[in-house]
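Q: What follows is a structure written as structure tokens; I'll ask about it next.
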Amino acid sequence: MRLLTHNMLSSNIKGVINGFPLLIQAERVVEKQVDFNPDFLKNMFSKIDWKALADASKTMGYDELPDEVPDPSVLDSQEFLQKFHHALLELHLEEGALVCPETGRRFPVNKGIPNMLLHEDEV
Amino acid sequence: MKLKQLESLLGNLQQFDNPKIELEQYPTGAHIASRMLYTAENSFGDVSNKVVADFGCGCGTLGLAATLLDAEHVIGLDVDDESLEIASINAEDLEVEMGLIQCEIKNLRWQGQIVDTVVMNPPFGTRKKGADMEFLSTALKVASQAVYSLHKTTTREHIKRAALRDYGASSAELRYDLPKQYKFHKKKDVDIAVDLWRFVPKPKHESSS
Ligand SMILES: C[S@@+](CC[C@H](N)C(=O)[O-])C[C@H]1O[C@@H](n2cnc3c(N)ncnc32)[C@H](O)[C@@H]1O
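Protein chains in written order, with numbering that gives the first Met the number 0: chain A, 0 to 122; chain B, 0 to 208.
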């Protein structure tokens, strides 16, 4: 699971109010190279939650992103875009879990696939 | 990529081993899937460089077609882990990246407005009444640009009314890129005529849904 996917998901348990971002428990992280697409990254920059991405990438062992939302002028820097690209699209959570920040409920991730199915009493 | 080439790549994908009838697991054929995504890309620019979600992705045909047409990020969502396993093998065989999530479509909670386009061949609601409508209303919340979906021709009026009146579509357009009365082979002798729709969601304000 890429961190871009992580950035789109919130804890879906009934009653949970602040379910985003899901915390990451990383047991195995893999890197898969993909083509660099600066226009896509610039577009994503305005859509994603920066803090969630920066924290998640740190948890996955990649500590190159600024903690706070950078000024959009950084988008002119090739070096910044490369790091953003790597964190957003090349890091994959292969084994581990996503954890609801409010209740601590674990959603397991196996072979890169998060299981977001709820139990009956959570719907 | 040419339509013919797309269709032939999709034609080699592995399909459901043990289709679960209650989940309406029948494959989305290479013919229909390739035309659906080809239209989305070539007539509307809704695929390349976009974020695309495949709802009820099954073995992944529609989402994988999106990756082949250069979508930047594709995710496939299905409730069934066996199908997701097959989708993941199909992605590996094609050497493309498709993210997969196991979930119940109506129960996932989305953050932000990152998904541009939703493509889907939802359950028609023949086993669980209203399943098609559940998929459609969720898709219109999640997509910011367009939703492409297959529905039974017999539900045409109902679909249009619900999309425009209840689910916040600003347009609901039938596409005739499929041969008239495309037949869906459900069982040996039962065919279902389906429509290909393109819905445009109304612009949304930044919020989770
Ligand atoms: C008609 S099939 C789609 C086939 C798929 N396009 C393919 O290429 O294999 C419908 C799919 O929706 C899934 N499904 C049914 N109900 C669902 C639900 N409530 N949430 C998520 N997926 C569901 C089924 O498991 C099935 O794979």
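Quick reminder that beta carbons are idealized off the backbone N, C-alpha and C, glycines included.
Would you mind giving the Cβ-Cβ distance between B/Ile74 and B/Ala52, rounded to the nearest angstrom? I have them listed as a contact below 8 Å.
A: About 5 Å; that satisfies the 8 Å criterion.
Q: Taking the beta carbon of B/Ser207 as the centre, do at least 16 other beta carbons fall within 10 Å, making it buried, or is it exposed?
A: Per-residue confidence for B/Ser207 stands at a pLDDT of 47, beneath the threshold of 50, marking its modelled position as unreliable; no derived number is given.
Q: Taking Cβ-Cβ distances shorter than 8 Å, what residues in chain A pair up with B/Gly111?
A: Asn6, Met7, Lys46, Ile47 and Asp48
Q: Specify the secondary structure class of B/Ala142 as computed by DSSP and reduced to three states.
A: Coil.
Q: Mind checking if A/Met0 is an interface residue toward chain B, Cβ cutoff 8 Å exclusive?
A: yes
Q: For the candidate residues B/Ser42, B/Gln110, B/Pro121 and B/Leu68, whose alpha-carbon lies nearest to that of B/Leu76?
A: B/Pro121
Q: Tell me which same chain residues have a C-beta within less than 6 Å of the C-beta of A/Ala53, skipping the five on either side of it?
A: Leu64 and Asp66
Q: Cβ closer than 8 Å: which chain A residues qualify as neighbours of B/Val114?
A: Met7
Q: Between A/Ser76 and chain B, is there a C-beta pair that is closer than 8 Å?
A: No - not a single Cβ of chain B is within 8 Å of the one on A/Ser76.
Q: Assuming A/Phe44 is part of the alpha helix (DSSP H), what are its boundary residues?
A: Pro37 to Phe44
Q: Can you list the residues of chain A that B/Gly98 reaches, using a CB-CB cut of under 7 Å?
A: Result: Met0, Arg1 and Thr4.
Q: Is the beta carbon of A/Met115 less than 8 Å from the beta carbon of A/Asn36?
A: no
Q: With H, G and I counted as helix, E and B as strand and the rest as coil, what does DSSP make of B/Asp188?
A: Bear in mind that the predicted position of B/Asp188 carries a pLDDT of just 47, short of 50, making it too unreliable to give a figure here.
Q: Return the chain-ordered ranges of every beta strand (DSSP E) run that is complete within the stretch 25-113 of chain A and spans a minimum of 3 residues.
A: 90-98 and 105-109
Q: DSSP puts B/Thr116 in a beta bridge; with which residues?
A: B/Val51 and B/Ala145
Q: Which residues in chain A have a C-beta closer than 9 Å to the C-beta of B/Asn48? List them in chain order.
A: Those within 9 Å of B/Asn48 in chain A are Asn36, Asp38, Phe39 and Asn42.
Q: According to DSSP, is A/Ile12 part of a helix, a strand, or is it coil?
A: coil
Q: Answer with yes or no whether the minimum CB distance from A/Phe19 to chain B is below 8 Å.
A: yes
Q: Please report how far the alpha carbon of B/Val78 lies from the alpha carbon of A/Pro100, in whole angstroms.
A: 23 Å
Q: For chain B, is any of its Cβ atoms less than 8 Å away from the one on A/Ile112?
A: yes
Q: Can the beta-carbon of A/Asp110 be found less than 8 Å from the beta-carbon of B/Ser170?
A: Residue identity check: residue 110 of chain A is Lys in the sequence provided, not Asp. Cβ atoms of A/Lys110 and B/Ser170: not closer than 8 Å.
Q: Run down chain B in chain order and give the residues with a C-beta less than 9 Å from the C-beta of A/Ser10.
A: Close partners of A/Ser10 in chain B (Cβ separation under 9 Å): Arg108.
Q: Ignoring anything shorter than 4 residues or poking outside the stretch 67-109 of chain B, list the alpha helix (DSSP H) runs there in chain order.
A: 80-93
Q: Does the beta carbon of B/Ile74 sit closer than 8 Å to a beta carbon anywhere in chain A?
A: yes
Q: Report the residue from B/Gly44, B/Ile31, B/Met132 and B/Ser47 whose alpha carbon sits nearest the alpha carbon of B/His157.
A: B/Met132
Q: Please report whether the beta-carbon of B/Leu12 lies at a distance below 8 Å from any beta-carbon of chain A.
A: no
Q: Compare the C-beta of B/Leu63 with all C-beta atoms of chain A and state if any pair is closer than 8 Å.
A: no
Q: Could you tell me whether the Cβ of A/Thr102 comes closer than 8 Å to any Cβ of chain B?
A: no
Q: Put B/His150 into one of helix, strand or coil per three-state DSSP.
A: strand
Q: For a contact defined as C-beta to C-beta under 7 Å, what are the partners of A/Val122 on chain B?
A: Asn106
Q: Run through the DSSP bridge pairs and tell me what B/Phe198 is partnered with.
A: B/Val146 and B/Ala171
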